[in-house]
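Trainee:
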Amino acid sequence: MEFTELGLSEPILKALAAKNYATPTPIQQKAIPVLLEGRDLCGIAQTGTGKTAAFALPSLDYFACNPKPTPKLGCRMLVLSPTRELAAQIAQSFRDYGRFLKLSVETVFGGVPINKQIRALSQGVDIVVATPGRLLDLIDQRCFTIKDTEIFVLDEADQMMDMGFIHPLKRVAKMLPQGRQNLFFSATMPKEIEALAAQFLNDPVKVSVAPQSTTAERVRQQATFVNQAEKQALLHIVLKTEEIDRALIFTRTKHGADRVVRFLEGAGIDAFAIHGNKSQGQRTTALQAFRQGKVKLLVATDIAARGIDVSGVSHVINFEIPNVPEQYVHRIGRTARAGAEGVAISFVADDERPYLKAIEKATRVKLDIAPLPENFMEAVRNLPKPAAPKKGPSQSPAQQAKRAEGQRRYQDGQKAARGAPGNARRSEGEGANGAPRRRRRGGGGVGAHKGAVQRTGAPR
Ligand code: AMP
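When we follow our numbering, the leftmost residue of the sequence shown carries the number 27, and every step to the right adds one.
1) Using only the heavy atoms of the ligand AMP, determine whether one of them is closer than 7 angstroms to the beta carbon of tyrosine 123.
2) Are threonine 327 and threonine 389 closer than 8 angstroms when you measure CB to CB?
3) Name the DSSP bridge partner or partners of phenylalanine 81?
4) Give a yes or no on whether the C-beta atoms belonging to cysteine 68 and phenylalanine 298 are separated by under 8 angstroms.
5) Please determine if the segment 369 to 383 and the segment 241 to 261 are in contact, where contact requires at least 3 C-beta pairs separated by less than 8 angstroms.
6) When the Cα of methionine 103 is compared with those of Pro348, Arg110, Leu83, which residue comes out closest?
7) How would you write the range of the alpha helix (DSSP H) that glutamine 55 sits in, first residue to last?
8) Would you give the residue range spanned by the beta strand (DSSP E) that isoleucine 153 belongs to?
9) Answer with buried or exposed for methionine 403, where buried requires no fewer than 16 other C-beta atoms within 10 angstroms of its C-beta.
10) According to the Cβ coordinates, are leucine 398 and leucine 260 closer than 8 angstroms?
11) According to DSSP, is asparagine 401 helix, strand or coil?
12) Would glutamine 318 be called buried (16 or more neighbouring beta carbons within 10 Å of its own) or exposed?
13) Could you compute how far the alpha carbon of phenylalanine 345 sits from the alpha carbon of tyrosine 354?
14) What residue does the beta strand (DSSP E) around serine 212 start on, and which one ends it?
15) Would you identify the three-state DSSP class for valine 391, choosing helix, strand or coil?
16) Any idea what DSSP makes of asparagine 141, helix, strand or coil?
17) State the beta-bridge partners of phenylalanine 373 as determined by DSSP.
18) Below 8 angstroms, how does it come out for the segment 141 to 158 and the segment 208 to 227: are there three or more Cβ pairs, yes or no?
19) Alpha carbon to alpha carbon, what distance is there between leucine 62 and threonine 310?
20) List the DSSP bridge partners of cysteine 91.
21) Should the segment 116 to 124 be regarded as contacting the segment 36 to 51, the criterion being three or more beta carbon pairs within less than 8 angstroms?
22) Would you mind reading off the limits of the beta strand (DSSP E) that contains serine 35?
23) So what's phenylalanine 282 in DSSP terms, helix, strand or just coil?
24) Looking at C-beta atoms only, is the number of pairs between the segment 160 to 180 and the segment 92 to 110 that lie closer than 8 angstroms three or more?
25) In terms of residues, what are the limits of the alpha helix (DSSP H) holding phenylalanine 226?
26) Tell me which residues share the same chain as arginine 15 and place their Cβ nearer than 6 angstroms to its Cβ, disregarding the 5 neighbours each side in the sequence.
27) Given that a residue counts as buried once 16 or more other Cβ atoms are within 10 Å of its Cβ, and exposed if not, what is asparagine 349?
28) Would you list the residues sitting across from phenylalanine 178 in a DSSP beta bridge?
29) Quick check: is any heavy atom of the ligand AMP less than 7 angstroms from the C-beta of threonine 73?
30) Please name the residue, chosen from Pro52, Asp66, Leu112, that lies closest to threonine 133 on a Cα-to-Cα basis.
31) Please determine whether the Cβ atom of alanine 79 lies at a distance below 7 angstroms from any heavy atom of the ligand AMP.
32) Please report the straight-line C-alpha distance between threonine 30 and glycine 205, rounded to a whole angstrom.
33) DSSP three-state call for serine 340: helix, strand or coil?
34) Does the Cβ of arginine 74 have 16 or more other Cβ atoms within 10 Å, making it buried, or fewer, making it exposed?
35) In this structure, how does DSSP classify serine 148 when only helix, strand and coil are distinguished?
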């Protein structure tokens, strides 16, 4: 099947051709036709399957066929993402695929000045890609409203739950208007995610491109049993012996990630860490350097690495095993993307053996157990000293103070929303406008808009 057979408008096909995308991926083949009909969708798909284009392309097509001024202080489409990195990535995809359409795309997430976002949103925006915390912050400050949303996407729902976004999501659900189209994506669909989906979706079409909790088939998965204290020596050997183009090294904690980076620095190996204690600037720099191949190793915690789309990740190294099997699936999904082969190597300490068992049970894959390398004890004895911790915190005092202030405001907002029934009622009232479910296209159908897509909205 070709993209040209899906009934997408000309400007979108032109953008796809510019990116050299000819064939839709399986999730795109399944999702795009039903989304073009205006149906709700529940998709089980991991990052790397092309799910961003699966929801971006039909949405852009809808805007191409149904031009309208942007609502004041609002948006026509809202995409929620668990992390800033994923939000930025999704926004970029919308800009790429929508480059021949005059649509505005803005990101809304923490870690960057809120005033700039307030200004950007004041005239109304076509597409907003947001993380839940900052979105609610803006709504609570009455700088933004989602009551005019025509298309709503909840991406990486399982990660949202893991990150504790359940209450913010419930608030968002109450503020959204009726009659909108809803898209819900999750890599896994346990019961609690299904319950969350039910709050947003209306008679959805279900599509799935990977059975629940199965791991990427093209990833060679192996594990080595090793003492926690000796993992650095094993890492040193693995990095020397494996042919690594680019590797993501996972730890469970932020401090663990920093420790690994300091050890690697001490061994003269360049690496960046990416985790929640890093400022947005540091996270962006690290990711950019990794993407551009300036640094081959990125040490990450699960949350920070979620949704990262970097091609050419040859290896995923689990320096520490995740205690939730789904996280393992997400981690190894970072490699073997776009048809490439990948390697996932897990270092398993004694106390992590139950985690390994749980992973094997959930994925129904038995990992190859690789013995410790022959020169291992020698590597332990000659382990380079870690570099001294960098002076000062990973964020400047000003950044830390700002972050604390942001968190305080967000928590206050949440408390106010919980404590003031008037607030809750008003939110519900906004959503309950009884608007009929909208039709996808104007009477002209697909062909009527070909080559004639123009914004009629106020100039921005
Ligand atoms: P995603 O799962 O949305 O993160 O997409 C994974 C990667 O596949 C991204 O780099 C996309 O740009 C790319 N991609 C998406 N759809 C296609 C396609 N039909 N053909 C080739 N590459 C694609």
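Where is the CB? At the ideal position from N, CA and C, for every residue including glycine.
Mentor: Per the coordinate set shown:
1) On the sequence shown, residue 123 is found 97 positions in, with the first residue counted as 1. Not so, every heavy atom of the ligand AMP lies at least 7 angstroms from the Cβ.
2) Taking the sequence shown and counting its residues from 1, the one referred to as residue 327 is at position 301. Taking the sequence shown and counting its residues from 1, the one referred to as residue 389 is at position 363. No, the Cβ-Cβ distance between threonine 327 and threonine 389 is not below 8 angstroms.
3) Residue numbering aside, residue 81 sits at position 55 when the sequence shown is read from its first letter. Partner(s): none; phenylalanine 81 has no beta bridge.
4) Here residue 68 refers to the residue found at position 42 when the sequence shown is read from its first residue. Here residue 298 refers to the residue found at position 272 when the sequence shown is read from its first residue. The answer is no: Cβ separation not under 8 angstroms.
5) Contact between the segment 369 to 383 and the segment 241 to 261 is present, because at least three Cβ pairs lie under 8 angstroms.
6) Here the question's residue 103 lines up with position 77 in the sequence shown. Residue Leu83 is the option with its Cα nearest to methionine 103.
7) Working through the sequence shown from its first residue, we reach residue 55 at position 29. Residue range 52 to 62 is occupied by the alpha helix (DSSP H) that includes glutamine 55.
8) Counting from 1 along the sequence shown, the entry for residue 153 is found at position 127. Where isoleucine 153 is concerned, the enclosing beta strand (DSSP E) stretches over 151 to 156.
9) Within the sequence shown, residue 403 is the residue found at index 377, counting from 1. Exposed is the call here.
10) Here residue 398 refers to the residue found at position 372 when the sequence shown is read from its first residue. Here residue 260 refers to the residue found at position 234 when the sequence shown is read from its first residue. Remark: C-beta atoms of leucine 398 and leucine 260 approach each other more closely than 8 angstroms.
11) Residue mapping note: residue 401 aligns to position 375 of the sequence shown, counting from 1. Coil.
12) The residue given as residue 318 occupies position 292 in the sequence shown. Glutamine 318 is exposed by the Cβ-count criterion.
13) The residue you call residue 345 lines up with position 319 of the sequence shown. The residue you call residue 354 lines up with position 328 of the sequence shown. C-alpha separation (whole angstroms): 12 angstroms.
14) Sequence index remark: in the sequence shown, residue 212 carries index 186 (1-based). Here the beta strand (DSSP E) through serine 212 covers 207 to 212.
15) Within the sequence shown, the letter at position 365 stands for residue 391. It is coil, neither helix nor strand.
16) Residue numbering aside, residue 141 sits at position 115 when the sequence shown is read from its first letter. Asparagine 141: helix per DSSP, three-state reduction.
17) Indexing the sequence shown from 1 puts residue 373 at position 347. Thr250.
18) no
19) The sequence position of residue 310 within the sequence shown is 284, counting from 1. The sequence position of residue 62 within the sequence shown is 36, counting from 1. The alpha-carbon atoms of threonine 310 and leucine 62 are separated by roughly 34 angstroms.
20) As a working note, residue 91 is residue 65 in the sequence shown. Its beta-bridge partners do not exist; DSSP assigns none.
21) yes
22) Taking the sequence shown and counting its residues from 1, one reaches residue 35 at position 9. Serine 35 -> no beta strand (DSSP E), and no H or E assigned at all.
23) Residue 282 sits at position 256 when you count from the first residue of the sequence shown. Checking the sequence shown, residue 282 turns out to be glycine, not phenylalanine. Reduced to three states, the DSSP call for glycine 282 is helix.
24) Yes, the segment 160 to 180 touches the segment 92 to 110.
25) Indexing the sequence shown from 1 puts residue 226 at position 200. Here the alpha helix (DSSP H) through phenylalanine 226 covers 217 to 226.
26) Because the chain in this structure spans residues 27 to 486, residue 15 falls outside the shown range and cannot be described.
27) Taking the first residue of the sequence shown as position 1, residue 349 is located at position 323. By the neighbour-count rule (16 or more Cβ atoms within 10 Å), asparagine 349 is not buried but exposed.
28) Within the sequence shown, residue 178 is the residue found at index 152, counting from 1. Looking at the DSSP output, phenylalanine 178 sits in a beta bridge with Leu104, Asn208.
29) Taking the first residue of the sequence shown as 1, we reach residue 73 at position 47. Yes, the ligand AMP has a heavy atom inside 7 angstroms of this Cβ.
30) The residue you call residue 133 lines up with position 107 of the sequence shown. Checking every option, the nearest Cα to that of threonine 133 belongs to Leu112.
31) Taking the sequence shown and counting its residues from 1, the one referred to as residue 79 is at position 53. Yes.
32) Start at 1 with the first residue of the sequence shown, and residue 30 comes out as number 4. Start at 1 with the first residue of the sequence shown, and residue 205 comes out as number 179. One C-alpha to the other measures close to 29 angstroms.
33) The residue given as residue 340 occupies position 314 in the sequence shown. It is coil, neither helix nor strand.
34) Position 48 of the sequence shown, counting from 1, holds the residue named residue 74. In the sequence under discussion, the amino acid at residue 74 is glycine, which differs from the arginine named in the question. Glycine 74 should be labelled buried.
35) Working through the sequence shown from its first residue, we reach residue 148 at position 122. Of the three classes helix, strand and coil, the one that applies to serine 148 here is helix, per DSSP.
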